[in-house]
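2 protein chains.
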Amino acid sequence: MIEKYINAASGKTQADVVLKNASYADVFCGVIRKGDIAVAGDKIVGIGNYSGREEIDCSGLTVLPGYIDGHVHIESSQLSPEEFASLIVPRGTTAIIADPHEITNVCGTAGCDYILKASANIPLDVKLQLPSCVPATPFETSGAVLGGKDVEENIVKDEFFGLGEFMNYPGVINADPDVLKKLEAAHAAGKIIDGHAPAVGGNALNAYLCGGIVTDHECNSEDEIAEKISKGMYVHIRHGSSTHNLSNAKYITPSNMRRFLVCTDDRHAADLKDKGHIDDALRKLVEGGLDPVVAVTCATLNAAECYGLKFRGAIAPFYLADLTVVDNLKNFNAKYVFKDGKLVAKDGKPLFDTSSRYLPKDVLNTVHIKNLVPDDFILKINGNKAKAMTIEAGGVVTGCEIVEVKNVGGDVAVKGTDILKLAVVERHKMTGNIGRGLFKGYGFKGGAMGITIAHDSHNIILLGDDNAAMAKAGNVLKEIGGGMVIVESSGKVHSLTLDIGGLMSSRDAESLQRDSKAIIERAYAMGVDRRLEAFMSLAFLSLAVIPKLKLVDKGLFDVEKFAFTNIEA
Amino acid sequence: MIEKYINAASGKTQADVVLKNASYADVFCGVIRKGDIAVAGDKIVGIGNYSGREEIDCSGLTVLPGYIDGHVHIESSQLSPEEFASLIVPRGTTAIIADPHEITNVCGTAGCDYILKASANIPLDVKLQLPSCVPATPFETSGAVLGGKDVEENIVKDEFFGLGEFMNYPGVINADPDVLKKLEAAHAAGKIIDGHAPAVGGNALNAYLCGGIVTDHECNSEDEIAEKISKGMYVHIRHGSSTHNLSNAKYITPSNMRRFLVCTDDRHAADLKDKGHIDDALRKLVEGGLDPVVAVTCATLNAAECYGLKFRGAIAPFYLADLTVVDNLKNFNAKYVFKDGKLVAKDGKPLFDTSSRYLPKDVLNTVHIKNLVPDDFILKINGNKAKAMTIEAGGVVTGCEIVEVKNVGGDVAVKGTDILKLAVVERHKMTGNIGRGLFKGYGFKGGAMGITIAHDSHNIILLGDDNAAMAKAGNVLKEIGGGMVIVESSGKVHSLTLDIGGLMSSRDAESLQRDSKAIIERAYAMGVDRRLEAFMSLAFLSLAVIPKLKLVDKGLFDVEKFAFTNIEA
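Note that the protein sequences, when read in sequence, are chains A and B. Read left to right, the first sequence gives residues 1 to 569 (our numbering). Read left to right, the second sequence gives residues 1001 to 1569 (our numbering).
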């Protein structure tokens, strides 16, 4: 192939495609330059003056390297990889570092295998990380467990690009033997290890980094960013649906710029469709005052460097011809998207067909619970003060507030208050485990809502002010094989099926998004605070690696103490 | 090992060594920070507040990552790798990207093997590049030929880090089949390819880069640097003995900084001993106005990134404990040097023993010529105008000047003029080839001088104003097994033996340097222009890949036309 590239570059043969009269981002020098961009086969072969078998006039447009999402869980889109690609590729994203942590928590490595095979024929590079923390903590019941030995066996395989975000930071810092086994195996295989260490600093951060972990997407302050970058980490600026820290971009300086990446982590279909993907992050970053070429560099070259993606992430000879042609560096509307030198999207529409989607039995029918009854949701509390979880808009950090509770007939009465009952029902192994707690400030009233997406073990999260509605909501989720549900106190049911692991839908993005919007709107109509993501915010209430107070199937969990806690205050 | 690092980082166990009260360069953020640096085993494990089994007070000192020389031919030091290390490690260099191009041109892959084995037990990481262009051009006779097939066979071996500087840029641009074979083989093996493309630009540069070549150390202008960096190259700032382009540092901007590296390429022992190695480059860069942390970043992190040296080139947890502790960021005097966590040099002196040096027979006795006689140096020229080579101080580019010549008895008479005779005598295969030419402006008078270092085929270069002295000089080089020689017209001989391939000495650095200085001084005393390097400048007169006019064993060569040329003007 090198011969073809050289000859097209030298002009001995004609290029396959030439983007004529292009302005383009030179991410090596941080400037916009001009020149024809010549492509032969899958690579850019030259910038200068070229003619090609096919020529596209790019006058007035700007050519950028295809965007790289540095860290994403496809599952959070609730879409199959094929349909996920149909939304993000037309937005200009051509590669993702995908951590199939969610589906693996439900289905084990069969979940990884599903993502891999479903991604095989789409024009998007899906670099698959082997999830490192399945389950994320030993305090909850997941559908699968990947121990040190499992990681050893799998990480050597070519299909795994690296080891996914190491959320069990206490396990690393304490040198837990099974954790060490995972880290050693990844290093022996020469694979990168992603990190996740919110608010970890000082000697604890040093210890965490001695696991050979190189990225973090959980930074929340200037000091945290400065410390993490100075200690060798790459820091992802995150533009998820529930979690976003794009404002961290204000800490980018010319000197530390190369250590910033852009990721979406968790972003659902509606946002991908309506707002966008990395393109939306770029838009907002530039709107926030970041130099557009710097923003693009973070989303392209920096990610390529961090993840060792050679000859990618820039517009230069011998670089992969993953290109996004945008209207301008303010709106970032993608006019054309090229993957491996081929035009794969135009005017925001995919030019590839995703109507035939891979769907193995392994990932279907994953909700295993006994029939729930109203009494399952009785909450007994001694005394009249209890810990209630709270949540802030735009983050996944929860708080703990001491609230007054009223006991009525051996159950906490929440109706008419700003407190809801919360329950996490184990749904993988039919253990019958139900974790129970209180949740303040969500706003929902008049029934129950529930979801089978509950980071990271993906049990059923239910909330409500009505025990019968809560029981019914759980039972509906079992019936539909997973998804989202609202049960009004009147008995009226609204549901959305997510048949793939209870996390994603095998349907097309458009119809799913329509139905998804409807149920989300229903939740807001029933009082959910519009500053929150109606369902996706719920999905993080059980994520026992993020402070402060969380609820898992085995009970209420104090993340800062990394131990279970009583609900009584 | 990860367990040891983590436990030392967390404070569960004591660090092996702690650099207390250190100021250190944070090359990720471009600033100087403060903190104890804790080392366990071969790695840095933490920065903060630490105590160790051994503690070194670094108050008033500054800790830097060990320097990485991004491109060097050890052979140019005329020292064995062991003695080379004894000079550069105490200066703060802990890793080099070494291209054993010279010894390989003389001895074939046995030369690579020699460098590798001689480097095995020294505290210096020698990343060995497989020379790509042996010989550099098909126009000269070398001791060995490494064709495409040889590269295919060798590049897959673990001992080769990458493919050495691809000097045959016309071969790449023209997609020469044997060249393609080499490039494809390196890519298939996942190895980096170094470049060498002086003044190559435009579509020709695009074609060259389509060989997958990533570095260049031959830039001479702002435009050349801008084009090469914008097209994806890393640019080495070079601080050699004959060739230096440190002034290119003025083109470093905050945006393109990460693409600059520092190298020495060719630097001889006297400069290493008297002036220094990368430390001297840093001194001069800072003197020239470059921010010291930027200079250090180019010589450390940037090189590590370019060459894919993971967890190296910075001071951070899990990074290799290659550290240079300097007095300040102006003088860069190395007080302590650590390699893999061990103190290996102090106050400029090595703490390792290099008295036992590896010396295989393969690299000895490499001067094979028949006895030379005065008539071998008769130069017949038709007419009275001829092309003479000229040379500029500080570079390896030669010029071509048309000079008046006087024919006396069928030979050009040069005595008493500013023109010298120049000859390149083939010394590998006893072909009897002698290339003959004229050389203006060197200044030497009253005899002959010669050297068996003659880039890149390392035949014998002789110059003089006396045919008999030239013959005798060649014969002395044969007798001593290679090296440098001066023969005065009186018959008096001064010589320095370089027994390893006629390029390097098996002696200790100190005594070699003393004798080397003496013969160099003798050359200056006999008139050599002091702005030039008395012997090393000669060594580039046959380098037929650098413009403009060169002399090889097969005749006078016009590099711009890439063809032989007549001496007659």
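Glycine residues also receive a C-beta, built at the ideal position from the N, C-alpha and C atoms. Small disclaimer: the values here were computed from a predicted structure and weren't measured.
Taken through DSSP and simplified to helix, strand or coil, Y1234 of chain B comes out as strand. A distance below 7 Å separates the beta carbons of V1018 of chain B and Y1050 of chain B. Around the beta carbon of A1544 of chain B, a 10 Å sphere encloses 16 or more other beta carbons of the protein chains shown; the residue is thus reported as buried. Residues of chain B with a Cβ closer than 9 Å to the Cβ of I229 of chain A are, in chain order, D1026, F1028, C1029. Within the stretch 206-227 of chain A, the residues whose Cβ lies closer than 9 Å to some Cβ of chain B are N206, A207, Y208, L209, C210, G211, G212, I213, V214, A226, listed in chain order. Among the residues facing chain A, I1097 of chain B is not included, as its CB has no counterpart in that chain under 7 Å away. When Cβ-Cβ separations below 7 Å define contact, N203 of chain A makes contact with chain B. Under the Cβ criterion of 7 Å, A175 of chain A is counted among the residues facing chain B. DSSP lists A:I32 as the bridge partner or partners of A25 of chain A. Along the length of the stretch 495-561 of chain A, whole alpha helix (DSSP H) runs at least 4 residues long occupy 509-525, reported in chain order. Scanning its chain for C-beta atoms nearer than 8 Å, with the 5 sequence neighbours on each side dropped, one finds around P547 of chain A the residues P198, A199, V397, T398, V559, E560, in chain order. Along the stretch 1295-1320 of chain B, going in chain order, the ones with a CB nearer than 8 Å to a CB of chain A are E1305, G1308, F1311, A1314, A1316, P1317, F1318, Y1319.
Rounded to the nearest angstrom, the Cβ distance from V134 of chain A to N105 of chain A is 5 Å, consistent with a contact under 8 Å.
For the 7 Å CB-CB criterion, S1230 of chain B and F28 of chain A form a contact. Per DSSP, Y114 of chain A is one residue of the alpha helix (DSSP H) stretching across 109-118. Across the structure, I1381 of chain B and S1511 of chain B are spaced so that their CA atoms are roughly 44 Å apart.
Sorting B:E1568, B:A1468, B:K1550 by C-alpha distance to the C-alpha of F1562 of chain B places B:K1550 at the top.
Residue contact with chain A for G1416 of chain B: absent (no Cβ-Cβ distance below 7 Å to any residue of chain A). Per DSSP, the continuous alpha helix (DSSP H) segment holding T1297 of chain B begins and ends at 1292-1299. Within the stretch 1006-1025 of chain B, contact with chain A at the beta-carbon level (separation under 7 Å) is assigned to I1006, N1007, A1009, S1010, G1011. Chain-ordered, the chain B residues with CB closer than 8 Å to the CB of G46 of chain A read N1203, N1206, A1207, C1210. The stretch 187-197 of chain A makes contact with the stretch 153-171 of chain A: 3 or more CB pairs, one atom from each, lie closer than 8 Å. What P254 of chain A touches in chain B, judged by beta-carbon distance under 9 Å, is G1030, T1253, P1254, S1255, M1257, going in chain order.
Listed in chain order, the beta strand (DSSP E) elements of length 3 or more contained wholly in the stretch 423-465 of chain A are 434-440, 447-451, 460-464. At a cut-off of 7 Å between beta-carbon atoms, G446 of chain A makes no contact with chain B.
For V286 of chain A, the three-state secondary structure derived from DSSP is helix. Within chain B, the residues M1001, I1002, E1003 have their CB atoms less than 9 Å from the CB of E184 of chain A, given in chain order.
Burial check for D1216 of chain B: the Cβ neighbour count within 10 Å reaches 16 or more, so the residue is buried.
Under the three-state reduction of DSSP output, A186 of chain A falls in the helix class.
Interface residue (Cβ-Cβ distance to chain B less than 7 Å): G66 of chain A is not classified as such.
Look at the stretch 133-217 of chain A and you find these whole runs of alpha helix (DSSP H), each 4 residues long or longer: 148-155, 169-173, 177-188, 202-209. When Cβ-Cβ separations below 7 Å define contact, G70 of chain A makes no contact with chain B. Within chain A, I6 have C-beta atoms less than 8 Å from the C-beta of V1172 of chain B, given in sequence order. Taken through DSSP and simplified to helix, strand or coil, C263 of chain A comes out as strand. Sequence-distant Cβ neighbours of S1142 of chain B in its own chain, meaning closer than 7 Å and more than five residues away, are N1105, V1134, P1135, H1428, S1457. At a cut-off of 7 Å between beta-carbon atoms, L128 of chain A makes no contact with chain B.
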